[in-house]
Amino acid sequence: NEDARWMCGHTSRKKIRNEDIQGKVGVTSVVDKMWKVRACEKEEHKFFSEEPGSSWRGILVSSGHIGWLLSFYEALRQKFSCEGYWIDCPLAVSARKLIVQFYSLWGTIFPSDDGNTQKQHLLHLLSGIIAWIDPPDVVSTAIVNGKSESEFLDGCRALLYMATVTTVLVFDELLKSIRPYGTLSLLSALMCEVIKDLMANHTEEETWSWVARDILLDTWTTLLTPLDGSISHAVIPSEGIGAASHLFALIVESELRAASASAFNDENETDYLQASIAAMDERLSSYALIARAAINVTVPFLIRLFSEKFARLQQGRGFSDPTQTLEELYSLLLITGHVIADEGQGETPLVPDAIQFQFMDVMETDKHPVVILCGSIIKFAEQSLNPEMRASFFSPRLMEAIVWFLARWSTTYLMPPDENKGSASSDNHKAKHYKKVLLNFCEEDNQGKAVLDLILHISKTTLTSYPGERDLQVGKVEQPFVVQ
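Each residue of the sequence shown is one higher than the last, beginning at 1 in full-length UniProt numbering.
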């Protein structure tokens, strides 16, 4: 009621004036320290958790300050719900920042009770901010219609902070206490709304959806990347697998639409045309993590997409301009190359655990989904050796992606490191046999030599058949230099 809201506002002003919220040892100084680690957040999106220690438990966790802060912000939210300006006023911004930062508490500030107190702490916070981001379609529509995006972005940051201090299973379960679905489903729905806005409003300017996409991708990456930097896959519930597969399908659709739209754009300064594989690597790596979370769905999905694009080229040969399809294939090759191989924290791409263990029931090489996927790409690449086909379809840009994919695939599957080829993550006989099926398929009937010869032939053709490459070779001869 109005009296309660007035009292809350009056109390808040009194506490702010008297610095009562600081407690006896100064909460504000700790909060300031916490926020200093978020320097360059807009550019880097690097987030850090905070571990104040057990001496702060009474002040930050058990004192009721968090409940008061959530109630205070909700009172502001209700009172000024019809006034759009309030979301970006200093008091509202500061309150949200403090709420979000409370998500990052972890460690000995919580008692040793199997994480129950921390879970209750996170659930309390999640209950307080859920209205900032849910329902995702309603919130995104409001932003498109003029509402400030700052509250929504802070809600996304809260999920990222929560991801840094929980496992993927705990993260997903938290929302189920207050909603009929898990947090992974919400995360997927948020990302889908953001991608839809990006597709509808393609622009080179940074928009709210650009910022939200980066934050949400960081959240997925945090959840799905093991803390030790290995390529092991995170175990997620079936609902989360469905959410990840749906999201990945929309991600691919958006990337293909952007690729197709760029096909006839001749402006050299266009970001998409100038984006190199290295520049896109971080985003593609995040996409790959999402794909691997639902690998049993996403690999067949990629097989179907490649089949459709290859068929479209053949059907339109001599009748339609293939440029848009070629750009789509370029994008698909980059995405697929990241899905099937993962560097982890090393330099050599390895077979991700998700691929190794999600298809263990496939015992015949020619029926393995990854073998089918990569085999179709290699067969398509082989057509570049035909001069007529090369002139029709294989542009220098597409060949760049093909050579990159073949190099990545051959390093991972054709000529894998001995330690990867000779060992399995499990002593289980079935696991070892499966790994042999996946990594040794080129050894059957001496196929490995033939495939390697094909890759070398394609690489040689690429280096000698395209004007830019020929000019580069001539330049090396005419102006020799040594790079130390």
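Just so you know, even glycine gets a beta-carbon here, dropped at the ideal spot from N, CA and C.
{"Check": "How big is the Cα-Cα spacing for H65 and F72?", "Outcome": "10 Å"}
{"Check": "Within the continuous alpha helix (DSSP H) that includes P136, where are the two ends?", "Outcome": "136 to 144"}
{"Check": "So, for R77: in the same chain, excluding its five sequence neighbours on each side, which residues have a beta-carbon less than 7 Å away from its beta-carbon?", "Outcome": "none"}
{"Check": "Can you list, in chain order, the residues of its chain whose CB lies under 7 Å from that of M389, leaving out five sequence neighbours each side?", "Outcome": "Q383"}
{"Check": "Count the other CB atoms, across all protein chains shown, that sit within 10 Å of the CB of Q315; report buried if there are 16 or more and exposed otherwise.", "Outcome": "exposed"}
{"Check": "In or out: H457 buried (at least 16 other Cβ within 10 Å) or exposed?", "Outcome": "exposed"}
{"Check": "In the DSSP assignment, what are the bridge partners of D342?", "Outcome": "L350"}
{"Check": "Given a cut-off of 9 Å, decide if L184 and A244 are closer than it, judged by their beta-carbon atoms.", "Outcome": "yes"}
{"Check": "What residue from A158, K196, R304, E74 has the CA that sits closest to P369's CA?", "Outcome": "R304"}
{"Check": "Hey, could you find the ends of the alpha helix (DSSP H) M363 is sitting in?", "Outcome": "Run containing M363: none; DSSP gives neither H nor E here."}
{"Check": "Where does the unbroken alpha helix (DSSP H) through W106 begin, and where does it stop?", "Outcome": "Run containing W106: none; DSSP gives neither H nor E here."}
{"Check": "Is it buried or exposed for Y330, if we count other Cβ within 10 angstroms and need 16 for buried?", "Outcome": "buried"}
{"Check": "Starting from the C-beta of E149, find all residues in its chain whose C-beta is less than 7 Å away, skip the five residues before and the five after it, and write them out in chain order.", "Outcome": "I143, W208"}
{"Check": "If you drop the 5 nearest sequence neighbours on each side, which residues of the same chain put their C-beta closer than 7 Å to that of K176?", "Outcome": "G182"}
{"Check": "CB L326 to CB R397, shorter than 9 Å?", "Outcome": "yes"}
{"Check": "Nearest-angstrom Cα distance between C89 and E83?", "Outcome": "11 Å"}
{"Check": "Can you tell me the Cβ-Cβ gap for S465 and V403, rounded? I've got them flagged as a contact below 8 Å.", "Outcome": "The pair is not a contact, with the Cβ atoms about 12 Å apart (cut-off 8 Å)."}
{"Check": "Cα separation between Y103 and A189?", "Outcome": "21 Å"}
{"Check": "Pick out whichever of L452, A294, Y287, G146 has its Cα sitting closest to the Cα of Q356.", "Outcome": "A294"}
{"Check": "Tell me where the alpha helix (DSSP H) around H457 begins and ends.", "Outcome": "447 to 465"}
{"Check": "With a threshold of 8 Å, are at least 3 pairs of Cβ atoms found where one atom belongs to the segment 198 to 217 and the other to the segment 155 to 171?", "Outcome": "yes"}
{"Check": "Which residues mark the beginning and the end of the alpha helix (DSSP H) in which S254 is found?", "Outcome": "238 to 262"}
{"Check": "To the nearest angstrom, how far is the alpha carbon of R96 from that of G240?", "Outcome": "28 Å"}
{"Check": "Please report the Cβ distance between F393 and P322, rounded to the nearest whole angstrom; I am assuming they are in contact, meaning their Cβ atoms lie under 8 Å.", "Outcome": "6 Å"}
{"Check": "Out of P136, I378, S262, state which residue places its alpha-carbon closest to the alpha-carbon of E328.", "Outcome": "S262"}
{"Check": "When the Cα atoms are used, what is the spatial distance from F359 to R317?", "Outcome": "36 Å"}
{"Check": "If contacts are defined as beta-carbon pairs under 8 Å, then T222 and T164 qualify, I think. What distance do you get, rounded to the angstrom?", "Outcome": "6 Å"}
{"Check": "Which term fits V100, buried or exposed, when burial requires 16 or more other beta carbons within 10 angstroms of its beta carbon?", "Outcome": "buried"}
{"Check": "Would you identify the three-state DSSP class for H202, choosing helix, strand or coil?", "Outcome": "coil"}
{"Check": "For the alpha helix (DSSP H) that contains Y85, what are its first and last residues?", "Outcome": "Unbroken run through Y85: none, as it is neither H nor E."}
{"Check": "So the candidates are G337, S320, L284; which of them puts its Cα closest to the Cα of I378?", "Outcome": "G337"}
{"Check": "According to the Cβ coordinates, are L105 and Q118 closer than 9 Å?", "Outcome": "yes"}
{"Check": "Mapping DSSP to helix, strand and coil, what is G337?", "Outcome": "helix"}
{"Check": "The alpha helix (DSSP H) spanning K176 covers which residue range?", "Outcome": "That residue, K176, is in no alpha helix (DSSP H); it is neither H nor E in DSSP."}
{"Check": "Is the beta carbon of S410 closer than 9 Å to that of I372?", "Outcome": "no"}
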